[in-house]
Amino acid sequence: MALTVKNQLRASKAALTIGLIIGAVFAAGPVLWMLSSSFKSNTQIFELPPRLVTDTFSFDAYVAIFTNPETMRFFLNSYIVAGSVTILTLIVAIQAAYAFSRFEFRGKRILNVVIVSVQAVPPITLLIPYFGLMVALGLYNSYAGLILTYMVFTLPYAIIMMTGYFNTLPKELDEAVRVDGAGSMTALWRILVPISVPGIVSVGIYTFMIAWNEYLFALTLTRTIDMRTVPIGIQLLMGQHSYEWNQIMAMSVLGSIPVLILFLFFQRYFISGLTAGSVKS
C-alpha cells in the first residue's frame, strides 16, 4: 500500500514536471526565437531546417535601427508618451484614491460606478469619437492628444487599485497627522505615499506597459513619422513587397527591454502591491 502511494506521488510529480517543462517551452520559445532572429539575416531566418543558433551572428539589424533617425524617434516618442502617462496617472490616481478611501462626499457611489464602467467599455468602440475630439481640440498628431487619451484608459484601473491599497492602511495614521495640525495633503504625501510604494509601483508598471504597447490609438491619432511610437514603427517595417524580419525582431527586442527592466527591478514591490490591493476594497 505504501509503495502504491509513493508510486502515485512520483507519477504525479513527474506529470507536473513534464507539464511545467512544456509550458516553459511554449512561453519561452517565441521569445528565444525573436532574440535569435534579430541576430540573423532575412535569408537565415527562413532557412530549412530552422536553427535557433546560427554559426555567424549578424548585428546588421541593430546597426540599421540605431543609425536610422526615424527609428530612434519612435523610441523617443514612446518614452515621452509612456513616461508622461505614468507620472500623470499616478499623481491623479493617488489623490483620487485617497479621497475615495478616506472621505465621504456627495456623488461618491456614482463616481465609483462611472470609474468601473469605463473599465468595462472596449477601447475600440471609442476610437472614432476620440479621433473627432482630438481634431476638434487641435490635439491631433501631438503628444498631448496621446497622453490624454491613454490616461482615460489607465486612470480607472489606477484609481481602483490605489483605493484598495489605501483601504488596507489604518486611518489612524493620517488622523494622527491631522491632530498635530497638518492638513490632509500632508498626511497623504508624507505618511501614506511613502508606505504605499508597493502599490504605487505596481500601478506605475501596469500604466507604463499599457502606454508603451498601445497600437490602435497611436496609429489613429498620429499622422507624421516624427510622432509615431514603437509599435507603429515595427509595423512600418512591413513593406508592400518585403518584410525586414530581422529588423522587426531586433526592434521588438529593444521594445521589450524597458518593461523587462522595470519588472526585474521592482518585481518584489509589483507582486506585493497587487496582492495587497486585492485584499480589501
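If you count by the numbering used here, then the sequence shown holds residues 625 to 905, one letter each, in order.
C-beta atoms are modelled at their ideal positions from N, C-alpha and C, and glycine is treated no differently.
Sequence-distant Cβ neighbours of R847 in its own chain, meaning closer than 6 angstroms and more than five residues away, are N765. In the DSSP assignment, V716 falls within the unbroken alpha helix (DSSP H) covering 693-726.
A straight line joining the alpha-carbon of L878 with that of Y754 spans about 30 angstroms. Around the C-beta of T667, fewer than 16 other C-beta atoms lie within 10 Å, and the residue is accordingly described as exposed.
Less than 8 angstroms divides the Cβ of D798 from the Cβ of I815.
A706 and W836 do touch by the CB rule: their CB atoms are close to 4 angstroms apart, below 8 angstroms. By the CB criterion at 8 angstroms, L793 and A842 fall outside the cutoff. Nearest to A811 by C-alpha distance, out of I819, L772, V801, Q891, is V801. Excluding its 5 nearest sequence neighbours in each direction, V677 has C-beta neighbours in its own chain below 7 angstroms: S660, listed in chain order.
If you look at A685, you'll find it in the alpha helix (DSSP H) that goes 684-690.
Between the alpha carbons of F832 and Q891 lies a distance of about 14 angstroms.
By the neighbour-count criterion, in which 16 or more other beta carbons inside 10 Å mark a residue as buried, P673 falls on the exposed side. Between V709 and T778, the C-beta spacing is below 8 angstroms. G828 sits away from F698, with the two beta carbons spaced by 8 angstroms or more. With a beta-carbon spacing of about 6 angstroms, I689 and Q871 fall inside the 8 angstroms limit used to define contacts. In terms of Cα proximity to Y789, the closest of L772, Q719, E728 is Q719. In the DSSP annotation of this structure, S866 is not part of any alpha helix (DSSP H), being labelled neither H nor E. With contacts defined as CB atoms closer than 8 angstroms, A723 and M786 fail to qualify as a contacting pair. Around the C-beta of V854, 16 or more other C-beta atoms lie within 10 Å, and the residue is accordingly described as buried.
For E799, the enclosing alpha helix (DSSP H) starts and ends at 796-803.
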